Amino acid sequence: MRFEDQRQNLVNQLEALGITDAKVLRAFSLVPREDFVPQHLSAYAYNNRPLPIGEGQTISQPWMIAIMLQYLDIQKHHIVLDIGTGSGYQTALLAHMAAEVCTIERIESLSLQAQTVLKKQGVKNVYYRIGDGSRGWEKAYPPHKSFDRIIVSAGATEIPAGLTDQIAEDGLMIIPVGPRDSHQILHMISRKQGELTVTQHDACAFVPLIVGDTQ
Ligand code: SAH
């Protein structure tokens, strides 16, 4: 089956699994996932499951990405911070939904590969940083100090203060939190009139968020 048809099947599957946000479904219908998986796995690009992308990391399961994006209710004018660029697939989805995406990846080779693919696809509203994303966006350009939406695609043992500090007023952050070597629970953090509120949602299983120099 052609990749285009497989992509439409995946969108139908996400809809059947309860994804109702038209903006999320549209983004999935636009981004070619086959470009973000290793070539020898391209036959599996549209399976609804994570796949290895090298360096011990994975491209996230489409359904899990869709759930997180749906929780975030991303609007066209939003500035988004994306922690764990990985393959760049989720970054590309975000780039189609939001005004600007700042993305951070700690493994240089993965970030550079993602940058190549996104550039090839003509995506221009993404800024990259290589380093520890738990400290938030620290680059001078673009000079964002806070973000309308923050999405973390690696499992944290606790919610990093460096990230909650960068949630804008009326902003939202979604992050998997749980003990190391176990599953996590999606935590949603919102900021209203300066006050942070945390709610817990679905169980999930992400690769670990590596904070600082620890392994
Ligand atoms: N959304 C990506 C998910 C990649 S897996 C995709 O679908 O391809 C999570 C990524 O988070 C891995 O590439 C891992 O290297 C990265 N990561 C882990 N800890 C990090 C940290 N502290 N800062 C930035 N990236 C981190």
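Take the sequence shown: its letters are residues 129 to 343, numbered as in our numbering. We treat Cβ as the ideally placed atom computed from N, Cα and C, and that holds for glycine. These numbers were taken from a predicted model, which means no experiment stands behind them.
Beta-carbon proximity of residue i to residue j, cut-off 9 Å
{"i": "Phe164", "j": "Ala242", "result": "yes"}
{"i": "Ile278", "j": "Ile313", "result": "no"}
{"i": "Gly216", "j": "Val245", "result": "yes"}
{"i": "Asp276", "j": "Leu291", "result": "no"}
{"i": "Gln249", "j": "Ser274", "result": "no"}
{"i": "Gly261", "j": "Ile317", "result": "no"}
{"i": "Pro360", "j": "Phe131", "result": "Residue 360 is absent from the structure shown; the chain starts at 129 and stops at 343."}
{"i": "His315", "j": "Val326", "result": "yes"}
{"i": "Ser157", "j": "Arg135", "result": "yes"}
{"i": "Glu233", "j": "Tyr256", "result": "yes"}
{"i": "Val305", "j": "Glu323", "result": "no"}
{"i": "Ala220", "j": "Lys204", "result": "no"}
{"i": "Leu197", "j": "Ala155", "result": "yes"}
{"i": "Glu236", "j": "Ile258", "result": "yes"}
{"i": "Pro288", "j": "Val339", "result": "yes"}
heavy atom of ligand 1 below 8 Å from residue i C-beta
{"i": "Gln198", "result": "no"}
{"i": "Pro166", "result": "no"}
{"i": "Val339", "result": "yes"}
{"i": "Ala282", "result": "yes"}
{"i": "Ser170", "result": "no"}
{"i": "Asp260", "result": "yes"}
{"i": "Gly264", "result": "no"}
{"i": "Ile235", "result": "yes"}
{"i": "Tyr217", "result": "yes"}
{"i": "Leu238", "result": "yes"}
{"i": "Ile202", "result": "no"}
{"i": "Phe156", "result": "no"}
{"i": "Pro336", "result": "yes"}
{"i": "Gly214", "result": "yes"}
{"i": "Thr186", "result": "yes"}
{"i": "Glu162", "result": "no"}
{"i": "Glu183", "result": "yes"}
{"i": "Ile278", "result": "no"}
{"i": "Ile232", "result": "yes"}
{"i": "Ile193", "result": "yes"}
Residue from the options whose Cα sits closest to the Cα of residue i
{"i": "Met192", "options": "Gln249, Val280 and Gly290", "result": "Val280"}
{"i": "Asn412", "options": "His168, Ile235 and Glu162", "result": "The question about residue 412 has no answer here: the residues shown for the chain are numbered 129 through 343."}
{"i": "Ala296", "options": "Leu209, Arg234 and Leu222", "result": "Leu209"}
{"i": "Arg308", "options": "Glu143, Leu337, Thr327 and Glu228", "result": "Leu337"}
{"i": "Leu142", "options": "Leu158, Gln134, Leu169 and Pro190", "result": "Pro190"}
{"i": "Asp330", "options": "Thr186, Tyr172, Arg130 and Ala194", "result": "Ala194"}
{"i": "Ala223", "options": "Glu236, His206 and His315", "result": "His206"}
{"i": "Pro271", "options": "Val229, Gly259 and Glu236", "result": "Val229"}
{"i": "Gln124", "options": "Asp298, Val339 and Cys332", "result": "This structure cannot settle anything about residue 124, because the visible part of the chain is limited to 129 through 343."}
{"i": "Ser188", "options": "Thr285, Thr213 and Glu266", "result": "Thr213"}
{"i": "Cys332", "options": "Val139, Gly259, Ala284 and Ile147", "result": "Ala284"}
{"i": "Glu266", "options": "Thr231, Leu240, Val251 and Ser239", "result": "Thr231"}
{"i": "Tyr174", "options": "Thr186, Asn137 and Ile235", "result": "Asn137"}
{"i": "Leu238", "options": "Thr186, Val254 and Asp133", "result": "Thr186"}
Cβ of residue i within 9 Å of any chain C Cβ
{"i": "Ala226", "result": "No chain C is part of this structure, which consists of one protein chain only."}
Using 8 Å as the cut-off, can you tell me whether the stretch 172 to 189 makes contact with the stretch 150 to 158, which would need three or more C-beta pairs spanning the two stretches below that distance?
no
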